[in-house]
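Below you'll find the structure, written out as structure tokens, and then a few comments.
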Ligand SMILES: Nc1ncnc2c1ncn2[C@@H]1O[C@H](COP(=O)(O)OP(=O)(O)O)[C@@H](O)[C@H]1O
Ligand SMILES: [Mg+2]
């Protein structure tokens with residue numbers, strides 16, 4: 005691979021998060037380096053999704069801090085995170101069901117839109133030109149993900165695997181510098197998984213996008229990630245490159261031993 | 613000519629992003645507009661203008677506004693009548709208090725006032741959703757009901773809030789005869805419908821729909837719920853308020869707050885649900901349905917009674933109307949919860965494939 | 002001080018009735034996710050039935066006793082509300098499972114129109130009286146404690162008492178009986194409840210029936226106070242702020258919310274009303290609920306829910 009793993013771009017320090025009595029995350033620290041693929045693994049309910057939600061501000065941790073490119077935050081908010089170039093996909097697909105594929109991807113361009121409501125209402129020069137320019141960008145994403153044939157289909161009608169792909173497309177349309185993927189391959193067949201793996205590697209390789217990935221399929225994780233964090237019951241029980249993690253006795257007993 | 617899009621290849625994204633990408637649709641709409649502006653005034657009598665066409669046009673405009681908020685942005689409102697009232701009374705105040713203000717300007721200012729009030733009453737939408745919000749919007753309804761009834765300044769000290777306007781004119785055009793009123797409202801509706809269509813096919817519309825479909829994901833993608841929701845409230849209230857001004861000035865000419873009661877709000881919500889949530893076209897269908905139904909029943913019931921040799925009293929008719937109206941609404945919700953617009957589009961889909969159905 | 006207390010008590014008594022109507026809303030919402038806008042029409046319908054039955058029954062059955070006639074009329078009206086509930090389940094709800102909240106809400110508006118239409122066609126559309134012998138004269142209480150004592154409207158007091166008892170009974174029914182437990186199970190999770198064999202359709206008939214009885218009692222109380230007329234249908238709109246204040250799914254919320262709104266309305270009408278012109282109680286209740294919502298969107302007793310993604 006041509007890419008060069010860089011400095012720490014995102015650093016989480018002692019993050020704790022609880023819902024009422026449920027401790028979703030307890031004192032978690034780990035970092036993510038620029039251009040790397042960082043995997044988070046762990047059994048169901050370990051707090052993986054919560055971790056991503058803390059990173060892009062959907063959940064607010066009670067303790068700890070998030071350091072993004074040297075800036076300290078005690079909590080994020082989703083809009084700030086998006087502005088900072090973080091985008092994500094969701095475990096339970098969160099597409100805009102009433103819109104077609106193109107429009108879903110176009111929402112990903114939202115932060116880059118400059119024309120205002122009035123100009124849009126009159127389909128005024130700048131608004132129209134912008135619409136076309138972003139459409140062209142979105143078509144690039146569509147080509148990249150090989151979903152040309154469904155571009156006008158309402159996403160609610162698509163099969164699960166394709167919805168996952170559109171979800172990724174919407175995140176990519178934002179041209180993120182950090183991409184958070186929550187189980188992008190869950191529920192897919194082997195072929196779909198291979199496609200998805202390829203897309204993830206291509207994104208990382210071609211655009212240098214930093215990727216934080218939650219995935220259950222160990223083979224995939226070991227294959228494509230540079231470093232792995234292991235969570236169990238909201239605690240971090242392992243952190244390192246795939247081989248290290250695979251060899252750690254604690255990880256083996258807690259995670260690999262558990263059924264999932 | 614057959615309804616086909618075969619052979620109509622798009623060579624640019626601009627062509628693909630037109631309002632009516634299919635040529636036949638473009639021709640149809642041109643035909644309808646020509647007929648509406650030229651044919652109808654030649655053919656139609658006064659009663660039809662007054663009883664059906666003018667109310668239909670104005671309520672379509674209001675329904676369009678309600679649909680932007682409810683259908684596109686997913687924020688249920690039971691207070692649309694309030695914004696019609698604000699639009700009407702605000703326009704009235706501009707009309708009588710500012711010397712020589714052009715009629716169009718007072719209408720637009722009425723709409724803008726309504727938009728401002730809409731933003732204010734939209735604030736709860738930032739905190740609550742769904743039915744809670746629906747009830748919260750009733751606050752707007754009851755508050756404006758009270759304001760226009762009890763605060764004399766707004767109605768120029770008229771008792772019980774009844775006001776009237778006369779001698780309306782735009783430039784040199786005297787808007788007196790039903791046909792003039794009709795053309796005036798029609799022009800408004802066409803312009804506003806175009807604006808609505810433009811908004812819903814550009815970034816702002818996508819923001820609204822994203823908030824409607826999945827608000828958390830929308831925020832994550834960089835859409836600010838505050839702006840998206842309040843802009844929907846503002847635009848919606850602007851439309852509804854302008855419709856209110858038209859309703860008061862053009863349709864009624866003299867009115868009191870009861871013209872914009874909670875029943876009106878329900879009626880507008882019916883229109884968009886029966887017509888089709890999130891569909892510009894649906895707003896027209898819904899308005900037509902709701903405007904025509906009571907009139908049709910009113911004609912039809914006595915005739916039906918006559919057929920069986922029963923005379924139905926006026927009170928009887930109005931009760932029966934209520935029952936049939938309610939029953940039809942329920943029937944409709946059960947049979948086609950996505951509204952007439954959905955029937956329309958499935959119909960078109962079939963036509964496109966005809967005569968070779970899959 | 003005495004005047005303030007009088008107002009306060011008046012508010013609490015009016016609030017009890019709001020609690021009752023709100024409870025009707027909450028029950029139906031919990032069990033079927035339907036926001037029942039027809040509650041007001043049900044109040045009107047039940048009150049009409051009661052008023053007319055109590056006038057007709059002495060003729061039909063030749064009963065002389067007012068009390069007996071009223072009892073029979075009440076039972077008949079109750080039975081009628083059961084039929085209404087059954088029909089609503091059969092003809093409407095059953096066909097609208099899994100529809101969106103807004104669609105269901107519209108459907109209940111449809112139901113409201115039908116009920117109003119049928120009610121006025123069958124029972125007539127004049128103003129009728131319900132005379133169940135509610136005491137009309139005011140009484141003086143706590144004369145020792147205050148100068149001049151407190152003037153309490155006996156009718157309101159009896160009404161509040163009845164409403165209070167009914168509210169208590171319903172709360173008990175919900176907590177203690179097996180049907181009540183089934184109801185709560187349905188409220189928590191429709192699918193799960195169905196999978197362990199709780200018949201949803203029957204539950205719906207039951208809650209609508211209970212809501213019908215609530216409507217009947219409210220109708221009788223309001224009807225005997227204000228006369229049975231069309232405006233009764235709008236009275237229920239005044240129960241709505243209560244539900245958003247208390248939370249759509251909380252029974253204690255409905256009860257406390259009702260009392261808060263009742264008191265708020267009366268105090269605002271008496272102390273704020275003269276300053277800004279009368280008739281403010283309707284919107285005031287809504288604004289009160291709104292302001293409250295801004296600070297506690299989950300309502301009085303609702304738990305804060307963070308969306309899962
Ligand atoms: N929004 C929420 N409200 C309440 N509890 C939550 C919420 N999100 C997650 N949890 C709880 O936090 C824990 C971790 O969940 P999650 O992060 O989804 O785990 P994972 O993604 O590893 O399967 C679980 O016990 C879950 O029930
Ligand atoms: Mg998860």
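Residue numbers (the numbering used here), protein chains in the order written: chain A, 5 to 264; chain B, 613 to 970; chain C, 2 to 310.
Here a beta-carbon is modelled for each residue, glycine too, at the ideal position from N, C-alpha and C.
- Pairing residue 90 (chain A) with residue 180 (chain A) gives a Cβ-Cβ distance under 8 Å.
- For residue 60 (chain A), the neighbours in chain B by C-beta distance under 7 Å run, in chain order, 832.
- Shown here for residue 229 (chain A): same chain residues with a beta carbon closer than 7 Å to its own, the five before and five after excluded, namely 41, 42, 43, 217 and 246 in chain order.
- Using a CB distance cut-off of 8 Å, residue 222 (chain A) does not count as an interface residue toward chain B.
- Considering only B:674, B:698, B:949 and B:879, the residue with the shortest C-alpha distance to residue 721 (chain B) is B:698.
- Looking only at B:868, B:774 and B:788, the smallest Cα-Cα distance to residue 780 (chain B) is reached by B:788.
- Spanning the alpha carbons of residue 135 (chain A) and residue 113 (chain C) requires a straight line of approximately 46 Å.
- Judged by DSSP secondary structure, residue 26 (chain A) falls within the beta strand (DSSP E) whose first and last residues are 26-37.
- When Cβ-Cβ separations below 8 Å define contact, residue 172 (chain C) makes no contact with chain B.
- At a cut-off of 8 Å between beta-carbon atoms, residue 744 (chain B) makes contact with chain C.
- The three-state reading of DSSP puts residue 236 (chain A) in strand, counting E and B together.
- At a cut-off of 8 Å between beta-carbon atoms, residue 807 (chain B) makes contact with chain A.
- Where residue 640 (chain B) is concerned, there is no enclosing beta strand (DSSP E), although the alpha helix (DSSP H) around it starts and stops at 635-646.
- One Cα belongs to residue 821 (chain B), the other to residue 45 (chain A), and the distance between them is close to 34 Å.
- Secondary structure at residue 95 (chain C): helix, using DSSP grouped into helix, strand and coil.
- Taking 8 Å as the CB threshold, residue 963 (chain B) stays off the interface with chain C.
- Taking 8 Å as the threshold, the shortest C-beta distance from residue 164 (chain A) to chain C does not fall below it.
- Contact check for residue 951 (chain B) against residue 894 (chain B) passes: the beta carbons are separated by less than 8 Å.
- If you draw a straight line from the Cα of residue 808 (chain B) to the Cα of residue 159 (chain A), it comes to about 23 Å.
- In the three-state reduction of the DSSP assignment, residue 725 (chain B) falls in the helix class.
- For the alpha helix (DSSP H) assignment, the uninterrupted runs of no fewer than 4 residues enclosed by the segment 247-272 of chain C are, from N- to C-terminal side, 252-268.
- At a Cβ-Cβ threshold of 8 Å, residue 50 (chain C) and residue 58 (chain C) do not count as neighbours.
- In the DSSP assignment, residue 153 (chain C) is bridged to C:140.
- Between ligand 1 and the CB of residue 52 (chain A), the shortest heavy atom gap is smaller than 7 Å.
- For residue 42 (chain C) against residue 206 (chain C), the beta-carbon gap comes to about 18 Å, at or over 8 Å, which does not count as contact.
- For residue 307 (chain C), the nearest CB of chain A lies under 8 Å from its own CB, placing it at the interface with that chain.
- The alpha helix (DSSP H) runs of length 4 or more contained entirely in the segment 684-743 of chain B are, from start to end of the chain, 692-709 and 715-734.
- DSSP lists A:14 and A:75 as the beta-bridge partner residues of residue 72 (chain A).
- The CB of residue 122 (chain C) comes closer than 8 Å to the CB of 928, 931, 932 and 935 in chain B, given here in chain order.
- When the alpha-carbon of residue 107 (chain A) is set against those of A:148, A:170 and A:59, the nearest one is in A:170.
- In the pairwise beta carbon analysis, the segment 876-888 of chain B is classified as not touching the segment 788-807 of chain B: fewer than three pairs are separated by under 8 Å.
- Assignment of beta-bridge partners to residue 239 (chain C) by DSSP yields no partner.
- Rounded to whole angstroms, the separation of the alpha carbons of residue 240 (chain A) and residue 16 (chain A) is 12 Å.
- The shortest C-alpha to C-alpha distance from residue 692 (chain B) to any of B:916, B:930 and B:880 is the one to B:880.
- Around the beta-carbon of residue 51 (chain A), 16 or more other beta-carbon atoms lie within 10 Å, marking it buried.
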